[in-house]
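Colleague:
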Amino acid sequence: GENVEQHPSTLSVQEGDSAVIKCTYSDSASNYFPWYKQELGKRPQLIIDIRSNVGEKKDQRIAVTLNKTAKHFSLHITETQPEDSAVYFCAASMDTGGFKTIFGAGTRLFVKA
Amino acid sequence: DVKVTQSSRYLVKRTGEKVFLECVQDMDHENMFWYRQDPGLGLRLIYFSYDVKMKEKGDIPEGYSVSREKKERFSLILESASTNQTSMYLCASSPGTKYEQYFGPGTRLTVT
């Protein structure tokens, strides 16, 4: 079945540095790729998403890239700040043969001041 | 603002009890989901529903059932709770297949 692998599981960066989180998916029918941020004790919230007809999307300090051929997508956070510290989840969704969203295992990001 | 609420934040039940977790959304969303969240395993889909009375199994449906009698409400049922069902349970809703999911605050269930 569909699988989403996410790396690294933990990432520690210095404030102001960039952070990159990578995900790969197995089912080429996947066509929607959201990223969620979950702060400690809070619910996951969408921070950015990309659809399969787009290769890159940017929103201020956050960007996502998608390589459909290689079946991988990445989250890039520039100029990290302590409030970026959280767990980040990637996900892959498809709507063929039934709707399904598969989440990666998550990346715990620490931004050191 | 979309609001997804869950009936309890914390719940403690005994092994063998029947447990009901309720989720309500106020945005007329078609799709609703139940996930369990465990450290290192991310969010795993238990069941989802794409319409009233319609449901589909997710990746880990064993030991769970669901009910969606009204569009705004999606219930998760543990028929006979076991200790390995101790977890954080998250409900979510979304307006369509390629759209954001809005999560509830979660229910931390402990089965003793």
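These protein sequence lines map, in sequence, to chains H and S.
Numbered according to the numbering used here, the first sequence spans residues 1 to 113.
Numbered according to the numbering used here, the second sequence spans residues 114 to 225.
A virtual CB, placed ideally from N, CA and C, is assigned to each residue, including glycine.
Would you list the residues sitting across from S:Asp141 in a DSSP beta bridge?
Modeller: Along the second sequence, read from residue 1 onward, the residue named residue 141 of chain S stands at position 28. Note: S:Asp141 sits in no beta bridge, so no partner.
Colleague: Grouping DSSP H, G and I as helix and E and B as strand, with all else coil, what is H:Pro34?
Modeller: For the purposes of this step, residue 34 of chain H is taken as the residue at position 34 of the first sequence. If DSSP states are grouped into helix, strand and coil, H:Pro34 belongs with the strands.
Colleague: In whole angstroms, what is the alpha-carbon distance linking S:Leu156 and S:Val224?
Modeller: Taking the first residue of the second sequence as 1, we reach residue 156 of chain S at position 43. Taking the first residue of the second sequence as 1, we reach residue 224 of chain S at position 111. For S:Leu156 and S:Val224, the distance between alpha carbons rounds to 19 Å.
Colleague: Does the beta carbon of S:Pro218 come closer than 8 Å to any beta carbon on chain H?
Modeller: Taking the first residue of the second sequence as 1, we reach residue 218 of chain S at position 105. So, interface residue.
Colleague: Taking the straight line between their C-alpha atoms, what separation do you get for H:Ala113 and S:Lys166?
Modeller: Numbered from 1 along the first sequence, position 113 holds the residue referred to as residue 113 of chain H. Numbered from 1 along the second sequence, position 53 holds the residue referred to as residue 166 of chain S. Distance between the alpha carbons of H:Ala113 and S:Lys166 is about 50 Å.
Colleague: On the CB-based measure, 16 or more other CB atoms within 10 Å of its CB, does H:Pro82 come out buried or exposed?
Modeller: Along the first sequence, read from residue 1 onward, the residue named residue 82 of chain H stands at position 82. Burial call: exposed.
Colleague: Residues of chain H with CB closer than 9 Å to the CB of S:Leu203, please, in chain order.
Modeller: By 1-based counting over the second sequence, the position of residue 203 of chain S is 90. The answer, in chain order, is Arg43 and Pro44.
Colleague: Using DSSP with H/G/I as helix, E/B as strand and the rest coil, what is H:Gln60?
Modeller: Translated into the one-based positions of the first sequence, residue 60 of chain H becomes position 60. Correct three-state label for H:Gln60: coil.
Colleague: For the beta strand (DSSP E) holding H:Asp49, just list the boundary residues, first then last.
Modeller: Along the first sequence, read from residue 1 onward, the residue named residue 49 of chain H stands at position 49. Element bounds for H:Asp49: Gln45 to Arg51.
Colleague: With distances taken between CB atoms, is the gap from S:Val132 to S:Leu222 smaller than 8 Å?
Modeller: For the purposes of this step, residue 132 of chain S is identified with residue 19 of the second sequence, where counting begins at 1. For the purposes of this step, residue 222 of chain S is identified with residue 109 of the second sequence, where counting begins at 1. In contact: S:Val132 and S:Leu222 (Cβ atoms closer than 8 Å).
Colleague: With a 10 Å radius around its C-beta and 16 neighbouring C-beta atoms as the bar for buried, classify S:Tyr123 as buried or exposed.
Modeller: Numbered from its first residue, the second sequence carries residue 123 of chain S at position 10. Answer is exposed; the Cβ neighbour count stays below 16.
Colleague: Quick check: H:Tyr88 and H:Lys37, are their CB atoms within less than 8 Å of each other?
Modeller: Position 88 of the first sequence holds residue 88 of chain H. Position 37 of the first sequence holds residue 37 of chain H. Yes. Within cutoff.
Colleague: Please report how far the alpha carbon of S:Ser121 lies from the alpha carbon of H:Ala70, in whole angstroms.
Modeller: Mapped onto the second sequence, residue 121 of chain S falls at position 8. Mapped onto the first sequence, residue 70 of chain H falls at position 70. About 42 Å.
Colleague: Does the separation of the CB atoms of H:Gly55 and H:Leu46 fall below 8 Å?
Modeller: For the purposes of this step, residue 55 of chain H is taken as residue 55 along the first sequence, with counting starting at 1. For the purposes of this step, residue 46 of chain H is taken as residue 46 along the first sequence, with counting starting at 1. It is not a contact, given that the beta carbons lie outside the stated cut-off.
Colleague: Out of S:Lys126, S:Ser178 and S:Val137, which one is the CA nearest neighbour of S:Gly219?
Modeller: In the second sequence, residue 219 of chain S corresponds to position 106, counting from 1. Comparing Cα-Cα distances from S:Gly219 to each of S:Lys126, S:Ser178 and S:Val137, the minimum goes to S:Val137.
Colleague: Can you name, in chain order, every residue of its own chain whose Cβ lies under 6 Å from the Cβ of S:Gly209, other than the five neighbours on each side?
Modeller: Numbered from its first residue, the second sequence carries residue 209 of chain S at position 96. No residues qualify anywhere along the chain.
Colleague: Round the Cβ separation of H:Ala91 and H:Ile102 to the nearest angstrom and send it over; I've been treating them as touching at under 8 Å.
Modeller: As a working mapping, residue 91 of chain H is identified with position 91 in the first sequence. As a working mapping, residue 102 of chain H is identified with position 102 in the first sequence. Between H:Ile102 and H:Ala91 the Cβ distance is about 6 Å, and since that is below 8 Å, they are a contact.
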